[in-house]
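Novice: Sequential numbering of the sequence shown, starting at 15, is according to the numbering used here.
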Amino acid sequence: MAQDMKLIVNEEQYEIASSPVTRLSDVLRNDLGLTGTKTGCNAGDCGSCTVLLDGEQVCACLMPVAQAEGKVITTVEGLARSGKLSALQNSFARHGAVQCGICTPGMLMAATSLLETNANPTKTEVHDALGGVLCRCTGYQKIVEAILDAYNFVEEEMPGTGQAVGTSIIKLDAVEKLDGTEIFGADGIPQNALWVRILRSPFAYARVVLGDMALAVAALDGIRDVLTHQDIPFNRFGIYPVGKDQPVLTEGIVRYRGDAVIAVVGTKEGVNSTQLSDFSIEFEELEPVVGVDAAKNENALQLHDDKPGNLLINGHVKKGRTEVAFENATASSEGAFETRFVEHAYIEPEAGWAQRVGDRVEVYASTQAVHMDRDEIASVLKIDKDRVRVVPTACGGGFGGKLDVSIQPILAVAAMKYDLPIAYVYERPESMAASTKRHPSKISTKFAANEEGFLVAAEMTADFDTGAYASWGPTVAGRVPVHGSGPYFVPNVHVTGRGFFTNAPPAGAFRGFGVPQAAIAHECMMDDLAEQLSLDRLEFRLKNAIRPGQETATGQVLKASAGMGPCLEALKPRWAELNAAVEAFNSDQTGALRQGVGIGAMWYGIGNTSLSNPSKMEVGIGVDGRLVLFNGAVDIGQGSNTIMPQICADALGLPVADFTYVMGDSDLTEDAGKTSASRQTFVSGKAAELAGRDLRSTILRHVNAGDDAQLILQGTILVVEDEAERHEIDLSKLDAGHKDMVFMGNGTFDPPTTPLDENGQGTPYATYGFAAQIALVEVNTDLGTTKVKAIVAAHDVGYAINPQQVEGQIHGGIAQGLGLALMEEYIPGKTENLHDYLIPTVGDMPQMEVLIVEEKEPLGPFGAKGVGEPGLVPTPPAIFGAVRHATGVRVTEAPLLPHRLKAKFEKLGARYGR
15 MAQDMKLIVN
25 EEQYEIASSP
35 VTRLSDVLRN
45 DLGLTGTKTG
55 CNAGDCGSCT
65 VLLDGEQVCA
75 CLMPVAQAEG
85 KVITTVEGLA
95 RSGKLSALQN
105 SFARHGAVQC
115 GICTPGMLMA
125 ATSLLETNAN
135 PTKTEVHDAL
145 GGVLCRCTGY
155 QKIVEAILDA
165 YNFVEEEMPG
175 TGQAVGTSII
185 KLDAVEKLDG
195 TEIFGADGIP
205 QNALWVRILR
215 SPFAYARVVL
225 GDMALAVAAL
235 DGIRDVLTHQ
245 DIPFNRFGIY
255 PVGKDQPVLT
265 EGIVRYRGDA
275 VIAVVGTKEG
285 VNSTQLSDFS
295 IEFEELEPVV
305 GVDAAKNENA
315 LQLHDDKPGN
325 LLINGHVKKG
335 RTEVAFENAT
345 ASSEGAFETR
355 FVEHAYIEPE
365 AGWAQRVGDR
375 VEVYASTQAV
385 HMDRDEIASV
395 LKIDKDRVRV
405 VPTACGGGFG
415 GKLDVSIQPI
425 LAVAAMKYDL
435 PIAYVYERPE
445 SMAASTKRHP
455 SKISTKFAAN
465 EEGFLVAAEM
475 TADFDTGAYA
485 SWGPTVAGRV
495 PVHGSGPYFV
505 PNVHVTGRGF
515 FTNAPPAGAF
525 RGFGVPQAAI
535 AHECMMDDLA
545 EQLSLDRLEF
555 RLKNAIRPGQ
565 ETATGQVLKA
575 SAGMGPCLEA
585 LKPRWAELNA
595 AVEAFNSDQT
605 GALRQGVGIG
615 AMWYGIGNTS
625 LSNPSKMEVG
635 IGVDGRLVLF
645 NGAVDIGQGS
655 NTIMPQICAD
665 ALGLPVADFT
675 YVMGDSDLTE
685 DAGKTSASRQ
695 TFVSGKAAEL
705 AGRDLRSTIL
715 RHVNAGDDAQ
725 LILQGTILVV
735 EDEAERHEID
745 LSKLDAGHKD
755 MVFMGNGTFD
765 PPTTPLDENG
775 QGTPYATYGF
785 AAQIALVEVN
795 TDLGTTKVKA
805 IVAAHDVGYA
815 INPQQVEGQI
825 HGGIAQGLGL
835 ALMEEYIPGK
845 TENLHDYLIP
855 TVGDMPQMEV
865 LIVEEKEPLG
875 PFGAKGVGEP
885 GLVPTPPAIF
895 GAVRHATGVR
905 VTEAPLLPHR
915 LKAKFEKLGA
925 RYGR
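1. Give every residue of the same chain whose Cβ lies closer than 7 Å to the Cβ of residue 752, excluding the five residues on either side of it in the sequence, and list them in chain order.
2. Relative to the C-alpha of residue 474, which residue among 332, 704, 746, 806 is closest?
3. Can you tell me the Cα-Cα spacing of residue 113 and residue 580, whole angstroms?
4. Is the stretch 50–63 close to the stretch 138–148, with three or more CB pairs under 8 Å?
5. Please classify residue 3: is it buried, with 16 or more other beta-carbons within 10 angstroms of its beta-carbon, or exposed?
6. Once the 5 residues before and after residue 117 are set aside, which same chain residues still bring their CB inside 7 Å of it?
7. If residue 451 sits next to residue 356, beta carbons under 8 Å apart, how far is it from one beta carbon to the other, in whole angstroms?
8. Taking the alpha carbon of residue 539 as the reference point, which residue from 606, 501, 735 has its own alpha carbon closest?
9. Near residue 588, which residues of its chain fall below 7 Å by C-beta distance, leaving aside the five closest residues on each side in sequence?
10. Tell me where the beta strand (DSSP E) around residue 615 begins and ends.
11. What span of residues does the alpha helix (DSSP H) with residue 73 cover, start to end?
12. Distance check for residue 304 and residue 314, CA to CA, integer angstroms please.
13. Between the Cα of residue 440 and those of 431, 724, 422, spot the shortest distance and give me the residue it belongs to.
14. Would you mind working out which of 18, 80, 750, 50 sits nearest residue 36, comparing C-alpha positions?
15. Out of 366, 103, 93, which has the shortest C-alpha to C-alpha gap to residue 929?
16. Since residue 590 is in the alpha helix (DSSP H), which residue starts that stretch and which ends it?
17. Identify which residue in 592, 599, 688, 892 has its Cα closest to the Cα of residue 628.
18. What do you reckon, are the CB atoms on residue 140 and residue 330 nearer than 8 Å?
19. Below 8 Å, how does it come out for the stretch 211–226 and the stretch 257–269: are there three or more Cβ pairs, yes or no?
20. Please classify residue 247 as buried or exposed, where buried requires at least 16 neighbouring CB atoms within 10 angstroms.
21. Helix, strand or coil: which one does DSSP assign to residue 912?
22. Let me know if residue 186 comes out buried or exposed under the rule of 16 or more other beta-carbons within 10 Å of its beta-carbon.
23. Please go through the same chain and pick out, in chain order, the residues whose beta-carbon is closer than 8 Å to the beta-carbon of residue 119, but skip the five residues on each side of it.
24. Does the Cβ of residue 19 have 16 or more other Cβ atoms within 10 Å, making it buried, or fewer, making it exposed?
25. Do residue 870 and residue 880 have their CB atoms nearer than 8 Å?
26. For residue 367, list the residues DSSP reports as bridge partners.
27. Verify whether the separation of the beta carbon atoms of residue 704 and residue 780 is less than 8 Å.
28. Unbroken alpha helix (DSSP H) runs of length 4 or more, entirely within the stretch 151–204: which are they?
29. Only counting the same chain, and skipping five residues up and downstream in sequence, which positions put a Cβ closer than 8 Å to that of residue 84?
30. How is residue 926 classed by DSSP in three states: helix, strand or coil?
31. So, are the CB atoms of residue 364 and residue 287 less than 8 Å apart?
32. Taking all protein chains shown into account, decide if residue 601 is buried (16 or more other Cβ within 10 angstroms of its Cβ) or exposed.
33. Taking contact to mean 3 or more Cβ pairs, one atom from each stretch, closer than 8 Å, check whether the stretch 662–678 and the stretch 768–786 are in contact.
34. Where does residue 854 fall in DSSP's three states?
35. Keeping to the same chain, check which residues put their C-beta closer than 8 Å to that of residue 569; ignore five residues upstream and five downstream.
36. How many angstroms separate the CA atom of residue 408 from the CA atom of residue 200?
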């Protein structure tokens, strides 16, 4: 029952009527409109809702509003003064401590609480203060650095004309993420919206019979309607144009725990309190198919009628004669490896809303792929795609998990049926139960080298659990064969990648598309062979690193920007230092602690595998002097909202400070492709460069100026200085054209690739990222625990458009790689929250050192290529190699939980290092 209460928030008095047990976070967001306070879990696990109560940090999602009455509440909106960011907020911006921004308010509030009582904290004190706030993007290091440096603010000017590329400018969208005004999926929902919620299967595999839904609707408060598969015009969705296999709502079979059964429409309170048991629904539970071994069993149930043997896809690459090479090899090694489901764990759950506008539908949602969403929604509704508008909200983390549609189809279906807006926000358990995961894998592999230490052969069979539906399974099974032999020259290769259906959550895209799993296997082989040949582990990799002029496993000759060798060379000094330090440490130890150093190397094809991969960008100048980049590339925290203007600015010849941008709106931007596969900087960045050059040419032609002319934008006057001549273009007197622009430039880029033939030969990618990382670990041989003490990462990025953002991407990748290696394991029904499913906290992270290697890519914008995925891939094998160095244990499964490492000790009959 509502009670009148008075709150003091950000030095202002508010009178509200609320139930005393309402969450403070809900009151702040829904009643006061202070949506800077985020809600990532509603369980006190993520800390994104952190606010100050009388100066102390609290989780607003756990606090009943009655307990806050009479106390001084401070939210992120209260940190700035007179429109100016606080010193701490400025430090976050300057240090690149903001990526997606969903955790930023919580981080700022926790840090503010510390700094108000301790202006000069130690790193340990900062770690303690941030211990309750999770970040999935940054790896925490730049956040910690920003807090330690909070009061050393120095105003930095934006770079001038031609100086944007290669400069660590502050992110152009940083202020909104820092002051709480950024609009994420759950932040802009209209007050008059109806809500929709999918009710999901509690069973992994079952037949379903739906009874009379109308009886339940009449009996339930706050429920207006129930949607079943009969309400969906085309009840299928999927990644690819053909073979769409996932129903929006069940048609009689559920194939995983979390599969969609029905959807309810009504008030927010009504839909959130409704359960499957409120409806006439019968389940006949079936024996589920669990794991790839069960899926391959000849007696296994066939989960999809058109997929015999539960086989989704079988991809392979074959070059040379591996059997002959193995017979003649001096050294060989083989192994079997296993990885498990990994949850994306983005701090922002899936959220958004939709509305009907005439005969069109508009969907506002957190996504990585605006135009893919538009096309998928149009397919589900069976309408032309021009009748669908998708507007991306700020995306609070994605990592591949927001490439598949989630809330979008049901929002669109409901919105087309009703005159009111329709909203949907996943609670954390629903997000974790329903969303895609990293593919579990079972990999068997074998490598061989000759007496001179050169690799001669590689074989690998990688079986992936793609779960109940295809999602990105074909991409994973197709990409791994290309990468399975590692970033090395190997003349004889045979790699197979297969995806199998099971009754698990769909496995989709997750930062690497299967390459991290393969890297764990091939890097263990490198350590094995180096040991057999009595070679240093780094030197063995360097000896075999693929170089320009050599062939990949697909027969592609690398022509440039193959930086594996330079990355390893860059690591040499630190490799020697850390090995010496570890030797000294271990020689003095008599207890349970042992240290080790490991190395992992990787390569990663940028963009789609052997598929067209285009991006189109537009940039224009309006009658009012606005310089607008129409940027269809969705920024999910990786920084494309800044990178694209930096590139376009230098190509055009105007300062980046002059730019504004429109991001992703499918009505206003061209299709720049999905934000995945490390493609946006390389592909869309090149399109932005071409668009800038095209606009420049258009302007110069307008006044018949030479190529070397300088451009200056002064309000509505565009000045063109061409040697001794000065031309002034009064934009306000010219006619506006396309998108209300006076001048418009266009750029399109599609990297040159070719299809792979029956043996997997061809050019799957136009360019590759390369990297190597060193890990220093400390293992407690009594407890089986592993602490990562340091990571040194050398990454060939082509050219760093924004070095600070490059470092941030690598830091974040390392954090997720550490989680994959040591702690993260998703188990359906058991780890569907952020206290049972563990991701790295600030205290878990090592000190990270990034060495940027620049082997310029001729096709890329100013020589750049991508870095989003490569940051993660070498981390697990480097950690596992370090554990092996410390203990002698060869690690073959991830995550390496303490009980698994102890079991290795027990199996070998010894406790290593004692």
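Note that the Cβ used here is the ideal one computed from N, Cα and C, for glycine as well.
Specialist: Once the coordinates are examined:
1. Counting from one through the sequence shown, the residue named residue 752 turns up at place 738. Excluding sequence neighbours, residue 752 sits near 758.
2. In the sequence shown, residue 474 corresponds to position 460, counting from 1. Restricting attention to 332, 704, 746, 806, the CA atom closest to the CA of residue 474 is found in 332.
3. As a first step, residue 113 is located in the sequence shown; it is residue number 99 there, counting from the start. As a first step, residue 580 is located in the sequence shown; it is residue number 566 there, counting from the start. So the alpha carbons of these two residues sit roughly 28 Å apart.
4. The stretch 50–63, when compared against the stretch 138–148, does touch it at the 8 Å Cβ threshold.
5. The requested residue 3 is not part of the displayed model; the chain covers only 15 to 928.
6. As a working mapping, residue 117 is identified with position 103 in the sequence shown. Within its own chain, the residues whose Cβ lies closer than 7 Å to the Cβ of residue 117, once the five positions on either side in sequence are excluded, are 62, 147, 148, 149, 361, listed in chain order.
7. One-based indexing of the sequence shown puts residue 451 at position 437. One-based indexing of the sequence shown puts residue 356 at position 342. Confirmed, about 6 Å.
8. Working through the sequence shown from its first residue, we reach residue 539 at position 525. Ranked by Cα distance from residue 539, the first of 606, 501, 735 is 501.
9. Stepping through the sequence shown from its first residue, residue 588 is reached at position 574. If we look at residue 588 and ignore the five residues flanking it on each side, its Cβ neighbours are 788, 806.
10. In the sequence shown, counting from the first residue as 1, residue 615 sits at position 601. First-last of the beta strand (DSSP E) with residue 615: 607–619.
11. For the purposes of this step, residue 73 is identified with residue 59 of the sequence shown, where counting begins at 1. It is not in any alpha helix (DSSP H) - residue 73 instead sits in the beta strand (DSSP E) that spans 70–73.
12. Position 300 of the sequence shown, counted from the start, is the residue given in the question as residue 314. Position 290 of the sequence shown, counted from the start, is the residue given in the question as residue 304. Going by the C-alpha atoms only, they are around 10 Å apart.
13. As a working mapping, residue 440 is identified with position 426 in the sequence shown. For residue 440, the nearest C-alpha among the options comes from 422.
14. Within the sequence shown, the letter at position 22 stands for residue 36. The residue with the shortest Cα to Cα distance from residue 36 is 80.
15. Nothing about residue 929 can be reported from this structure: the residues present for the chain run from 15 to 928 only.
16. Sequence index remark: in the sequence shown, residue 590 carries index 576 (1-based). Note, residue 590: alpha helix (DSSP H), 578–601.
17. For the purposes of this step, residue 628 is taken as the residue at position 614 of the sequence shown. Taking only the C-alpha atoms, the option nearest residue 628 is 688.
18. In the sequence shown, counting from the first residue as 1, residue 140 sits at position 126. In the sequence shown, counting from the first residue as 1, residue 330 sits at position 316. Taking 8 Å as the cut-off, the Cβ atoms of residue 140 and residue 330 do not count as close.
19. A contact exists between the stretch 211–226 and the stretch 257–269.
20. Taking the sequence shown and counting its residues from 1, one reaches residue 247 at position 233. Taking all protein chains shown into account, residue 247 has fewer than 16 neighbouring C-beta atoms within 10 Å of its C-beta and is therefore exposed.
21. Taking the first residue of the sequence shown as 1, we reach residue 912 at position 898. Secondary structure of residue 912 (DSSP, three-state): helix.
22. Here the question's residue 186 lines up with position 172 in the sequence shown. With 16 or more other Cβ atoms inside 10 Å of its own Cβ, residue 186 counts as buried.
23. Counting from 1 along the sequence shown, the entry for residue 119 is found at position 105. Apart from the 5 residues on each side of it in sequence, residue 119 sits with its Cβ closer than 8 Å to the Cβ of 50, 51, 52, 62, 64, 89, 90, 194 in its chain, given in chain order.
24. As a position in the sequence shown, residue 19 is number 5, starting the count at 1. By the neighbour-count criterion, in which a residue is buried when 16 or more other Cβ atoms sit within 10 angstroms of its Cβ, residue 19 is buried.
25. For this step, residue 870 is matched to residue 856 along the sequence shown. For this step, residue 880 is matched to residue 866 along the sequence shown. Note that the C-beta distance between residue 870 and residue 880 is not below 8 Å.
26. Here residue 367 corresponds to residue number 353 of the sequence shown, with the count starting at 1. DSSP output for residue 367 lists 378, 437 as bridge partner(s).
27. The count along the sequence shown starts at 1 and reaches residue 704 at position 690. The count along the sequence shown starts at 1 and reaches residue 780 at position 766. The answer is no: Cβ separation not under 8 Å.
28. Segments of the alpha helix (DSSP H) lying fully in the stretch 151–204: 155–162, 188–193.
29. Along the sequence shown, read from residue 1 onward, the residue named residue 84 stands at position 70. Counting only Cβ-Cβ distances below 8 Å, and skipping sequence neighbours, we find 20, 22.
30. As a working mapping, residue 926 is identified with position 912 in the sequence shown. Residue placement at residue 926 is flagged as unreliable, the pLDDT there being 48, under the threshold of 50; the coordinate-derived value follows with that caveat. Coil at residue 926, not helix or strand.
31. Taking the first residue of the sequence shown as 1, we reach residue 364 at position 350. Taking the first residue of the sequence shown as 1, we reach residue 287 at position 273. No; because the gap between Cβ atoms is not below 8 Å, this pair is not in contact.
32. Here residue 601 is taken as the residue at index 587 of the sequence shown, counted from 1. Classification for residue 601: exposed.
33. Below 8 Å, too few C-beta pairs join the stretch 662–678 and the stretch 768–786 to call them touching: fewer than three.
34. Residue 854 sits at position 840 when you count from the first residue of the sequence shown. In this structure, residue 854 counts as coil in the three-state DSSP scheme.
35. Here the question's residue 569 lines up with position 555 in the sequence shown. Listed in chain order, the non-local C-beta contacts of residue 569 below 8 Å within the same chain comprise 333, 775, 776, local neighbours out to five positions each way being set aside.
36. As a position in the sequence shown, residue 408 is number 394, starting the count at 1. As a position in the sequence shown, residue 200 is number 186, starting the count at 1. If I take the Cα positions, the gap works out to 10 Å.
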